[in-house]
Amino acid sequence: MLLSASPWFILLCLLVGAGYAALLYSAKAPWSRAVNYALAFVRFAVVSFLCFLLLSPFLKSTTTTTEAPTLVLAVDNSQSVGLFTPPAVLRQATQGLTQLATALRDQGYRVETQTLTSATRPARPDSVRFRAPATDLDGLLTTIGEGYQNRNLAGVVLLSDGLVNQGRAPQYTDYRFPIYAVGVGDTLPKKDVSVPALTYNRVAFSGNLFPIEAEIGYDGYAAGTSATVLLRENGRVLQTKRVPLLAGRRRTKTTFLVTAPAPGKRRYEVVVEKLPGEFTLLNNQKFAYLDIVKGKLRVLLAGAAPHPDLKALRAAILQNDNFDLTTYLPGISPLQRQDFDVAILHQLPAQNGVGAEVLAQVKARRVPALYVLGAQTDYGAYNALGTGLTVTPRGGQTDAVTPVPNATFTRFAFEEDALRRFAAYPPAPVPFGDIRLGAGAEAALWQQVGRVKTQKPLLVFGGTPAQRQATLLTDGSWQWRLQEAVEHDDRPEAYDRLVLRTLQLLTQNANKKRLDVYPTQDAFNSQDDVTFGAETYNAIFERIYGQQITLSLTNEQQQTRTFTYTTTEDGAPLHLGPLPAGLYRYTARATLGGQPQQDRGEVLVQEQQLEALQSRADHNLLYQLARRSGQRLYYPAQFTQLAQDIRKAQYKPVIYEQEELKDLINLKWLFFVLLGLVTVEWATRKYSGGV
1 MLLSASPWFI
11 LLCLLVGAGY
21 AALLYSAKAP
31 WSRAVNYALA
41 FVRFAVVSFL
51 CFLLLSPFLK
61 STTTTTEAPT
71 LVLAVDNSQS
81 VGLFTPPAVL
91 RQATQGLTQL
101 ATALRDQGYR
111 VETQTLTSAT
121 RPARPDSVRF
131 RAPATDLDGL
141 LTTIGEGYQN
151 RNLAGVVLLS
161 DGLVNQGRAP
171 QYTDYRFPIY
181 AVGVGDTLPK
191 KDVSVPALTY
201 NRVAFSGNLF
211 PIEAEIGYDG
221 YAAGTSATVL
231 LRENGRVLQT
241 KRVPLLAGRR
251 RTKTTFLVTA
261 PAPGKRRYEV
271 VVEKLPGEFT
281 LLNNQKFAYL
291 DIVKGKLRVL
301 LAGAAPHPDL
311 KALRAAILQN
321 DNFDLTTYLP
331 GISPLQRQDF
341 DVAILHQLPA
351 QNGVGAEVLA
361 QVKARRVPAL
371 YVLGAQTDYG
381 AYNALGTGLT
391 VTPRGGQTDA
401 VTPVPNATFT
411 RFAFEEDALR
421 RFAAYPPAPV
431 PFGDIRLGAG
441 AEAALWQQVG
451 RVKTQKPLLV
461 FGGTPAQRQA
471 TLLTDGSWQW
481 RLQEAVEHDD
491 RPEAYDRLVL
501 RTLQLLTQNA
511 NKKRLDVYPT
521 QDAFNSQDDV
531 TFGAETYNAI
541 FERIYGQQIT
551 LSLTNEQQQT
561 RTFTYTTTED
571 GAPLHLGPLP
581 AGLYRYTARA
591 TLGGQPQQDR
601 GEVLVQEQQL
611 EALQSRADHN
621 LLYQLARRSG
631 QRLYYPAQFT
641 QLAQDIRKAQ
651 YKPVIYEQEE
661 LKDLINLKWL
671 FFVLLGLVTV
681 EWATRKYSGG
691 V
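Each residue of the sequence shown is one higher than the one before, starting from 1 at the first, in this note's numbering.
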């Protein structure tokens, strides 16, 4: 027991208790002397202890716990392990892991199993199913390291074929725990022909020729052998090529020139026909997914004055061949009277009426517009445009902000990589003042001031279906593109995607549709959750909610599935879950205001086929990974040696001691003891005739 005051105060507590008891029981009493002494002692004890509690005494307790050493069995449950490891070897490996786990538990170890994909860890290694569509060994090992941080992690037994197709190279990463690698798969070269990659532009213009370049990989075939490569669409062969497999090389290329058909989404298939003795046909095909468009979108980039933003926006737009850009600055060159599909108005409307001719043309032709606000913006004129946003600045004050995506915005998605890049952007100035969203407007980005995420909009979409409009509340976004280019090898992808998707959204379905249903991404992978967004409008094109929509989805085999969905104010999308690869056509129907409405479109689901691209195991990677952590590479027949090496390492339990300080006054049982003593004293006095 410890005190927060000097121990000499205990004597004072005893004196107070003794004085109180003497004062109360020194007079003549109607009970016996023995009872009087007993009552005086009770009063002395209670008062002294109450005074002692005023000294804030506390108890110090020590709790000791012992944590056994933990060994994690990390199983690479990717498809390549199941496809290319001989069944007998794979069975020997998984059973060996199970026996190793049993033996180590008998020796006092704690053993857990973890895989690439398991949200819940499998109970036994021999119950693992090898179905993961991709392999990220670094992600698996990093997750284990983070999950067992500050715990007694003895090591990791990694069962893998060494084939990695996602994440960082694990052999060059330092992990803070020993790694015992167990190699499976087959390292012997086999006769095989594959299509590792296709190179093509994802957008092509109707009627134009576009190339699809196919990379052909091969192994085990003598010089003079030729492969037949087909280009197909919906099972129909479009072109056939004979490609010689050259000696001394393992890769070659061939190019198909295709005439783009009518606008729409297209899926082309490149297939290598089977060669004699070929080991597997799983990697003999690959798909190209294209969006055939009618023509280039004409973009007007107009500014009140020269500005770094204009160069950044121009560079982002020119990354996409689907846009035809015209730049205009008032007083420098005349504005051509032509039709534009979308306009970017930088600090327009401006003070002193600069750029009025541009605003007049945009208004007259109802051109969708992106307004970029800045120091030269005339906010009174801007607020009169009906963009869905009103900005009332307080003088010339600004806030320095970075972008934060709105989680409820579903018109387009923000990738995980984009979120990390946004967080590293330098702050940009926005007007400080009263910023309000109007009816039907939606924020895609919020403002973050320092570390505080606010609900003030930074990028807003509004306007009407007849003229869609967006607003970016900063003229400092050029810093974002510059910073991203410096940090990511001149590849400011997040900034460019944000600009292009904003323009695409402004020009998408720019007609008076009362029902607008759309996929939230240009294309999905076969492992993704396919999601759709939907918007419904009344007769005067005001956004309405709570409307039931029926979505019919038809695949290439003309099989149809039907889903129902109700629009909500939070913009929650319709989740269809993962779908098999292919081109799907959808029809959405709803009854709005008693009138039937319909919308149609297409969605692409891509098959990555990562695990079938390479059949030869990479045990050299596993060797380097194990050696870097001070261990070695084992094979399924060497589990006995592995168990012995783990025992020789003599991993010990860790003993943790935890000290806890508890105030004595917080012990509830003391209250009841004191209450009992006072009750006994009172009852005795009452029974013996006292007051």
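We put the CB at the ideal spot given by N, CA and C, even for glycine.
- Assigned with DSSP and collapsed to three states, Ile665 falls in helix.
- The residue from Ala304, Leu137 and Phe323 with its alpha-carbon nearest to that of Ala626 is Leu137.
- By the Cβ neighbour-count rule, Trp8 is exposed, with fewer than 16 other Cβ atoms within 10 Å of its own.
- Pro578 and Arg420 have their C-alpha atoms roughly 26 Å apart.
- Comparing C-alpha distances from Asp475 to each of Ala418, Leu370 and Gln467 shows the shortest one belongs to Leu370.
- Membership of Leu15 in the alpha helix (DSSP H) is indicated by the continuous run Phe9 to Tyr25.
- When C-beta atoms of the stretch 227-238 are compared with those of the stretch 272-281, three or more pairs fall below 8 Å, so the two segments count as touching.
- When the alpha-carbon of Asp76 is set against those of Gln92, Ala101, Pro125 and Glu67, the nearest one is in Pro125.
- Per the C-alpha coordinates, the member of Val452, Leu551, Leu300 and Gln631 positioned closest to Val342 is Leu300.
- Less than 7 Å separates the beta-carbon of Ala400 from that of Pro427.
- Straight-line spacing of the CA atoms in Arg497 and His619 works out to 39 Å.
- A buried status is given to Asn406, since no fewer than 16 other beta-carbon atoms sit within 10 Å of its beta-carbon.
- Within a 10 Å sphere around the beta-carbon of Ile216 sit 16 or more other beta-carbons, which makes this residue buried.
- DSSP, reduced to helix, strand and coil, places Ala649 within a helical segment of the structure shown.
- Judged by DSSP secondary structure, His619 falls outside any beta strand (DSSP E) and instead within the alpha helix (DSSP H) spanning His619 to Arg628.
- Taking a C-beta distance under 7 Å as the contact criterion, Leu3 and Leu55 qualify as a contact pair.
- In the three-state DSSP reduction, Ser552 falls in the strand class (E or B).
- Residues Phe340, Val342 and Ala343 of the same chain have their beta carbon placed closer than 7 Å to that of Val367, with the five preceding and five following residues left out of the count.
- The stretch 272-346 is shown to contain whole beta strand (DSSP E) runs of 3 or more residues at 285-293, 297-303, 323-328 and 342-346, in chain order.
- By the Cβ test, the stretch 606-614 is in contact with the stretch 277-284, since at least three Cβ pairs between them sit closer than 8 Å.
- Put simply, of Tyr518, Pro30 and Arg491 the residue whose alpha carbon is nearest the alpha carbon of Gln504 is Tyr518.
- Boundaries of the beta strand (DSSP E) around Gly601: Gln595 to Gln606.
- With a beta-carbon spacing of about 5 Å, Ala74 and Leu158 fall inside the 8 Å limit used to define contacts.
- Trp480 sits buried, since 16 or more C-beta atoms from the chains shown fall within 10 Å of its C-beta.
- Straight-line measurement puts the Cα of Ala643 at about 23 Å from the Cα of Thr85.
- In this structure, DSSP gives Tyr37 a helical state, which the three-state scheme calls helix.
- Rounded to whole angstroms, the Cβ separation of Gly386 and Gly440 is 10 Å, and the two are not in contact under 8 Å.
- When secondary structure is reduced to three states using DSSP, Phe414 falls in the coil class, being assigned neither helix nor strand.
- Taking the Cα positions, Asp192 is about 26 Å away from Pro580.
- A contact between stretches requires three or more CB pairs, one per stretch, nearer than 8 Å, and the stretch 37-50 fails this requirement with the stretch 88-99.
- In terms of Cβ geometry, Leu348 and Val460 do not form a close pair [threshold 7 Å].
- When the beta-carbon positions are compared, Tyr180 and Gln631 come within less than 7 Å of each other.
- In this structure, Leu445 sits away from Pro393, with a CB-CB distance that is not shorter than 7 Å.
- Taking C-alpha positions only, Phe323 is separated from Thr507 by approximately 11 Å.
- Taking C-alpha positions only, Glu112 is separated from Gly155 by approximately 11 Å.
- Around the beta carbon of Ile646, 16 or more other beta carbons lie within 10 angstroms, which makes this residue buried.
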